[in-house]
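Student: Please see the structure below; I have some questions.
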Amino acid sequence: MSAAADLPTAAGAPDPLLLPRLMQVGPDAGADLRAHLGRHGRLSLDMARERLLAEVARSGLTGRGGAGFPAARKLAAVAERSGGRAVVVGNGAEGEPASGKDHVLLSSAPHLVLDGLAVAAYAVRARTAYLYVLDDRGALAVLRAALAQRARAGMDRVTVQLVTAPTAFLSGEESAVVSALSGRPALPYSTPPRVFERGVGGRPTLVHNVETLAQLGLLARWGAEWFAAIGDPEQPGSRLYTVWDGPRARVVEAASGSTARELLAAIGGRPEQVQALLVGGYHGSWLPVAALDAPLSDPALRRYGASAGAGVLLALPHGVCGLREAARVSAYLSAESAQQCGPCLNGLPLIADGMRRLAAPGRAEGVRRRVEHWAGLVEGRGACKHPDGSVRFVRSALQVFGPELDLHARGRCSASTAEPMLPCDVEPATARGRG
Amino acid sequence: MRAALSVDWTLCDARGLCAEMLPEVIEADEWGYPLLRNNGTVPFELEKQARATVELCPLLALRLSVPAEVPAQRR
Ligand SMILES: Cc1cc2nc3c(=O)[nH]c(=O)nc-3n(C[C@H](O)[C@H](O)[C@H](O)COP(=O)(O)O)c2cc1C
Ligand code: SF4
Ligand code: SF4
Numbered sequence: 031m032s033a034a035a036d037l038p039t040a041a042g043a044p045d046p047l048l049l050p051r052l053m054q055v056g057p058d059a060g061a062d063l064r065a066h067l068g069r070h071g072r073l074s075l076d077m078a079r080e081r082l083l084a085e086v087a088r089s090g091l092t093g094r095g096g097a098g099f100p101a102a103r104k105l106a107a108v109a110e111r112s113g114g115r116a117v118v119v120g121n122g123a124e125g126e127p128a129s130g131k132d133h134v135l136l137s138s139a140p141h142l143v144l145d146g147l148a149v150a151a152y153a154v155r156a157r158t159a160y161l162y163v164l165d166d167r168g169a170l171a172v173l174r175a176a177l178a179q180r181a182r183a184g185m186d187r188v189t190v191q192l193v194t195a196p197t198a199f200l201s202g203e204e205s206a207v208v209s210a211l212s213g214r215p216a217l218p219y220s221t222p223p224r225v226f227e228r229g230v231g232g233r234p235t236l237v238h239n240v241e242t243l244a245q246l247g248l249l250a251r252w253g254a255e256w257f258a259a260i261g262d263p264e265q266p267g268s269r270l271y272t273v274w275d276g277p278r279a280r281v282v283e284a285a286s287g288s289t290a291r292e293l294l295a296a297i298g299g300r301p302e303q304v305q306a307l308l309v310g311g312y313h314g315s316w317l318p319v320a321a322l323d324a325p326l327s328d329p330a331l332r333r334y335g336a337s338a339g340a341g342v343l344l345a346l347p348h349g350v351c352g353l354r355e356a357a358r359v360s361a362y363l364s365a366e367s368a369q370q371c372g373p374c375l376n377g378l379p380l381i382a383d384g385m386r387r388l389a390a391p392g393r394a395e396g397v398r399r400r401v402e403h404w405a406g407l408v409e410g411r412g413a414c415k416h417p418d419g420s421v422r423f424v425r426s427a428l429q430v431f432g433p434e435l436d437l438h439a440r441g442r443c444s445a446s447t448a449e450p451m452l453p454c455d456v457e458p459a460t461a462r463g464r465g
Numbered sequence: 101m102r103a104a105l106s107v108d109w110t111l112c113d114a115r116g117l118c119a120e121m122l123p124e125v126i127e128a129d130e131w132g133y134p135l136l137r138n139n140g141t142v143p144f145e146l147e148k149q150a151r152a153t154v155e156l157c158p159l160l161a162l163r164l165s166v167p168a169e170v171p172a173q174r175r
């Protein structure tokens, strides 16, 4: 987790790519209520619910937590079942070690996220609201202060309860979130019923990523046209990207569908140093360097079989062994399995072990084939999508680092450093006594 | 719409009973967990047999249902 702990925001830099929509100039310009209201104005929720939902639909806002599902459809699904007792949840678990955008957003613009939670609560007639946030990075103190300011100003009709998310890759998966908020361990459970049908306390529950909520906070003020004026027309708006130039990361707000080349340039990275790209984080896909100019939006990435996920872009520089890095992440993903479902619990360690062998130069007869076999066995066979995401990561690594596999088979490796690069701690699950 | 079998993977303990009961739809993988052919779709003539299999699973891990349209899950 620590690698992404103090990601500075790139907002405020003079580059036109960087949008000051969610991100404010200066590290905590949006953390203070007066500054927030001065900048965005008061949020008024007197628009008819139907109009609000129609506005969200027109905007084309999609979830920023990874799946990219249309926000309007999820809001409508909860609204129609609500009966005035729905629950809304802001998901700030950010279990992905390579992502830092939710932390940066919560620390620098907490009021925008809380506005969005109020909009969501209004839209689905919720009586209960939670903000579920990872503790490690220190956003909780900012949020507590922000909530106190709002309480004094009498701003929120629905009281927001702040809940700490455990540090684990899975703790932000929506059924794990519901489990945690119901007083159980933060582990996924088998669905259906999906959380929008029956979630916290058996009530229809809306779980949105905190960035989606912040976007909703802006959208409710400025409307669909404003929202959709930038970005990929098929998935418009701005979005937060966590951009890694090798071991160095920054969070950037940019138009949806910005390219890897543009995002790297925005943080002062060097596209010519790039060996391969990881798009969408540890449940995402490795792409060849030719994808530097592909727009990073779900519709544009579809032809690569990839998606923007929660906005992680990682540029692996030459001189680092992609297979070794992929093997480290595979071990991490295996350790982070909730160990509840047979195929996941049996298959991920075998895959991780195969990847470890492929990462070491030397003959590994049949190992790749076995990894692919186990990948096929775990895919789609779990209570959550962890196996599927892990398999996507592994398969794309074997494809993109194919030339490296050949080198390793001949006892060689292209790397000039053995220094681990991708942020992941491979022991945590057992250390935490899970499984 | 065709009825389909699904597994609650958090409950299933690889007892393999279902694969014996309904080999047309369920096969056991190398660990003994059920592999559903054709996404678990149950041919019409096997529906009764499928229902019996669901009832025999010692861990109540199988479910027979008519799939509904729901918002997609992430990833
Ligand atoms: C293994 C796994 C981990 C996840 N972790 C997170 C997370 O940390 N934060 C998050 O917002 N969504 C996470 N999600 C996605 C949530 O299940 C859910 O789709 C999301 O919070 C919905 O918000 P959105 O519609 O605003 O994107 C995860 C999903 C999976 C399968
Ligand atoms: S699929 Fe894996 S990670 Fe998901 S709930 Fe089952 S065991 Fe846990
Ligand atoms: S009978 Fe039940 S517990 Fe046994 S393998 Fe089939 S689903 Fe799993």
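Protein sequence lines correspond, in order, to chains X and G.
When you number the first sequence by the working numbering, it's gap-free, plus one each residue, and the end is 465.
When you number the second sequence by the working numbering, it's gap-free, plus one each residue, and the end is 175.
Ideal Cβ positions, reconstructed from N, Cα and C, are used throughout, including at glycine.
What you are looking at is a predicted structure, and each value in this text was computed from that prediction instead of being measured.
(1) Taking the beta strand (DSSP E) that Trp-274 of chain X falls in, what are its first and last residues?
(2) Classify Asn-376 of chain X as buried or exposed, calling it buried when 16 or more other Cβ atoms lie within 10 Å of its own Cβ.
(3) Beta carbon of Asn-121 of chain X: closer than 7 Å to some heavy atom of ligand 1?
(4) Give the straight-line distance between the Cα atoms of Thr-460 of chain X and Ile-381 of chain X, rounded to the nearest whole angstrom.
(5) Under 8 Å, Cβ to Cβ, is there at least one residue of chain G near Pro-373 of chain X?
(6) Using a Cβ-Cβ distance cut-off of 8 Å, determine whether Ala-112 of chain G contacts chain X.
(7) Roughly how many whole angstroms lie between the Cα atoms of Arg-97 of chain X and Arg-180 of chain X?
(8) Mind listing which residues of the segment 404-420 of chain X have their C-beta closer than 7 Å to chain A's C-betas, in chain order?
(9) Rounded to the nearest angstrom, what separates Tyr-219 of chain X and Val-309 of chain X at their Cα positions?
(10) Have a look at Met-121 of chain G and Thr-153 of chain G and give me their C-alpha separation to the nearest angstrom.
(11) Taking the straight line between their C-alpha atoms, what separation do you get for Glu-402 of chain X and Glu-127 of chain G?
(12) So is Phe-144 of chain G buried or exposed if we call it buried at 16+ other beta carbons inside 10 Å?
(13) Let me check understanding here. Comparing Cα to Cα, which of X:Ile-297, X:Arg-115, X:Pro-263, X:Ser-268 lies closest to Gly-276 of chain X?
(14) Does Ser-137 of chain X have its Cβ less than 8 Å from a Cβ in chain G?
(15) By the three-class DSSP mapping on this structure, what secondary structure does His-141 of chain X have?
(16) For a contact meaning CB atoms closer than 8 Å, what does Ser-209 of chain X contact in chain G?
(17) Hey, would you say the C-beta of Leu-117 of chain G is under 7 Å away from at least one heavy atom of ligand 3?
(18) Taking 7 Å as the line, does the beta carbon of Cys-454 of chain X fall inside it for any heavy atom of ligand 1?
(19) For Ser-165 of chain G, list the residues DSSP reports as bridge partners.
(20) What whole-angstrom Cβ distance do Leu-270 of chain X and Glu-241 of chain X have, given they're in contact under 8 Å?
(21) Output the boundary residues of the alpha helix (DSSP H) element that contains Trp-404 of chain X.
(22) Under 9 Å between beta-carbons, which chain G residues line up against Asn-121 of chain X? List them in chain order, please.
(23) Would you check if the distance between the CB atom of Val-118 of chain X and the CB atom of Ala-151 of chain X is smaller than 8 Å?
(24) I need the boundaries of the alpha helix (DSSP H) containing Gln-303 of chain X, first residue and last residue.
(25) Contact defined as beta carbons within less than 8 Å: I believe Arg-251 of chain X pairs with Leu-73 of chain X. What is the distance between those atoms, to the nearest angstrom?
(26) Do you know how far the Cα of Ala-356 of chain X is from the Cα of Asp-108 of chain G?
(27) Indicate whether at least one CB of chain G lies closer than 8 Å to the CB of Ser-220 of chain X.
(28) Below 8 Å, how does it come out for the segment 142-151 of chain X and the segment 188-200 of chain X: are there three or more Cβ pairs, yes or no?
(29) For the candidate residues X:Gly-125, X:Ala-448, X:Ser-201, X:Ala-65, whose alpha-carbon lies nearest to that of Cys-454 of chain X?
(30) At a threshold of 7 Å, does Ala-114 of chain G count as lining ligand 3 (C-beta to nearest heavy atom)?
(31) CB of Asn-376 of chain X to nearest heavy atom of ligand 1: below 7 Å?
(32) Thinking C-alpha only, which one of X:Ala-413, X:Val-319, X:Arg-399, X:Glu-227 is nearest Ala-290 of chain X?
(33) Please tell me whether, using a cut-off of 7 Å, the distance from the CB of Pro-417 of chain X to the nearest non-hydrogen atom of ligand 2 is below it.
(34) Would you identify the three-state DSSP class for Pro-379 of chain X, choosing helix, strand or coil?
(35) Is Lys-131 of chain X close to ligand 1? I mean its beta-carbon at under 7 Å from any heavy atom of the ligand.
(36) Going straight from the alpha carbon of Arg-280 of chain X to that of Gly-130 of chain X, what length do you get?
Tutor: Once the coordinates are examined:
(1) 268-275
(2) buried
(3) yes
(4) Note on Thr-460 of chain X: pLDDT 41, under 50, position unreliable in the model; the coordinate value appears next. Near 18 Å, if we compare the C-alpha coordinates of Ile-381 of chain X and Thr-460 of chain X.
(5) yes
(6) Reading off the sequence shown, one finds Cys at residue 112 of chain G, where the question assumed Ala. Cβ-Cβ to chain X under 8 Å: yes for Cys-112 of chain G.
(7) The residue you asked about is not Arg; residue 97 of chain X is Ala in the sequence shown. Rounded to whole angstroms, Ala-97 of chain X to Arg-180 of chain X spans 31 Å at the Cα level.
(8) Reference to chain A is not applicable here, since the protein chains of this structure are X and G.
(9) 27 Å
(10) 6 Å
(11) 19 Å
(12) exposed
(13) X:Ile-297
(14) no
(15) helix
(16) The premise fails here: Ser-209 of chain X is roughly 11 Å from chain G at the closest Cβ pair, so nothing lies under 8 Å.
(17) yes
(18) no
(19) G:Ala-104
(20) 6 Å
(21) 397-408
(22) Going along chain G, no residue has its Cβ under 9 Å from Asn-121 of chain X, so there is no contact; the nearest lies around 11 Å.
(23) yes
(24) No alpha helix (DSSP H) contains Gln-303 of chain X, which DSSP labels as neither H nor E.
(25) 6 Å
(26) 30 Å
(27) yes
(28) yes
(29) X:Gly-125
(30) yes
(31) no
(32) X:Val-319
(33) yes
(34) helix
(35) no
(36) 8 Å
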